[in-house]
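This report refers to the structure that appears directly beneath it.
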Amino acid sequence: MFVLSILLLIAAIILFFVGRSRGEGGWKLGAALSALGGVLAGVFACVHVVSAYEVGVPATFGKVGTPLTSGVHFRSPFTDVTSFSTRPVDLNLNDKDVVEVRSSQGGVLYADVTVKWAVVPAKAVELYRLAGSAEAVQERLVLPDSREIVRNVFAKHTSEEGYASAREQIGSEIATLVRERLASRGIDVTAVNLRNVRPSDTLQDQIDKKIQQEQATQRATEAARTAEAEAERRRIEAEGIARANRILERSLSDQVLYNQCLEAYQQAARANPVYAVPCGTGSGGTPVIVDGTGN
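Next up, the structure:
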């Protein structure tokens, strides 16, 4: 715009002198219009409008100035203004951009992460010096830093912790580190979401084999526990029987057995006339006879 202004002013001067030499009013009118156009172009070249939700960083001959907030600003025609959007931006690390990480055991995992970030207006100058443009902020700062932190955090945990037991803790740790890293560079991270973690095919096979081995071990342990309990039950039962036999052995005598035998045959004699009792003999060697009366 400034170059156009210079060209229009030069054209106005040429038209003015040509018109004066020829004495024709048309040339002078053209000179006046060219001069007006040059002045307007010069004015527009010195005016810069910063849109809402943007911040501008002016640079004049390599010297960076104070950030420009939203509104109309007058500047030198030799000043270039680089605009940075202050709206939140989502960086989605999924699909082809998914982060490939390794656990402390060497297993490969794939993590889907979303980083929501925005430019801090007061630190736009630092971002301009680091990235150079709004488009480069995400590619040069947010993306590589986020990937590095995600990989470093997962490397401190096992595979099982990465996709299951410590997933929430890992997500919180990633969010904290990303915020701290990017805040010093003029980027405000409002949210970091660890949306999904899945193992690689090789790691999934290893996980399935481990689960099968654990299940087999549990079945074997349960079988051993059952056998041990059954053996203990039989031991206790055998000890009880042996103890009862010892008690019974101490309590029985020949006379007790003789009397019990007689009682049994006395009961049988009630249904039959006479029994010769094979329980022994009487005191004189005479066989014991039990008649129908039970005597």
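The opening residue of the sequence shown carries number 17 in the numbering used here; numbering runs sequentially from there. Where is the CB? At the ideal position from N, CA and C, for every residue including glycine.
Residue interval of the beta strand (DSSP E) (run including residue i)
i    : result
V141 : Element bounds for V141: not the beta strand (DSSP E) but the alpha helix (DSSP H), 140-147.
L107 : 105-109
V117 : 115-118
E70  : 70-76
Close-in-space but distant-in-sequence residues of the same chain around residue i (CB under 6 Å, 5 per side omitted)
i    : result
K324 : This structure leaves residue 324 out entirely; the chain is present only between 17 and 311.
Inter-residue CB distance, residue i and residue j (contact presumed, cutoff 8 Å)
i    : j    : result
G187 : L125 : About 13 Å separates the two Cβ atoms, so there is no contact after all.
V158 : E189 : No, V158 and E189 are not in contact; Cβ-Cβ is about 18 Å, not under 8 Å.
A127 : V66  : Actually they are not in contact, since the Cβ atoms of A127 and V66 sit about 38 Å apart, beyond 8 Å.
Terminal residues of the alpha helix (DSSP H) in which residue i lies
i    : result
F170 : 159-170
G187 : 183-199
V136 : From DSSP, V136 is part of no alpha helix (DSSP H); its letter is neither H nor E.
A207 : From DSSP, A207 is part of no alpha helix (DSSP H) but of the beta strand (DSSP E) over 203-215.
Test: residue i CB closer than 9 Å to a CB of chain D
i    : result
A239 : Reference to chain D is not applicable here, since this structure consists of a single protein chain.
Contact test: residue i Cβ vs the ligand ATP heavy atom, cutoff 8 Å
i    : result
V166 : Absent from the structure shown: the ligand ATP. Ligands present: none.
Burial state of residue i (16 or more Cβ within 10 Å)
i    : result
R200 : Here the sequence assigns Ser to residue 200, which means Arg is not the residue at that position. Classification for S200: exposed.
F100 : buried
S120 : exposed
P215 : buried
S181 : exposed
P160 : exposed
V88  : exposed
Y144 : buried
A191 : buried
G123 : buried
A247 : exposed
T302 : Low confidence applies here, because T302 scores a pLDDT of 48, under 50, leaving its location unreliable; read the following figure in that light. Looking at its Cβ environment, which holds fewer than 16 other Cβ atoms inside 10 Å, T302 is exposed.
Cβ neighbours of residue i in the same chain (closer than 7 Å, five flanking residues each side left out)
i    : result
D106 : T130, K132
V207 : Per the sequence shown, the amino acid found at residue 207 is Ala instead of Val. Closer than 7 Å at Cβ, skipping near neighbours: K132.
D204 : W133, A134, V136
Cut-off 8 Å between Cβ atoms - residues of its own chain near residue i, not counting five sequence neighbours on either side
i    : result
R183 : E177, L210, V213
K172 : S120
Is the region 86-93 touching the region 105-112, taking contact as three or more C-beta pairs under 8 Å?
Note that the region 86-93 does not touch the region 105-112; fewer than 3 beta-carbon pairs, one per stretch, sit closer than 8 Å.
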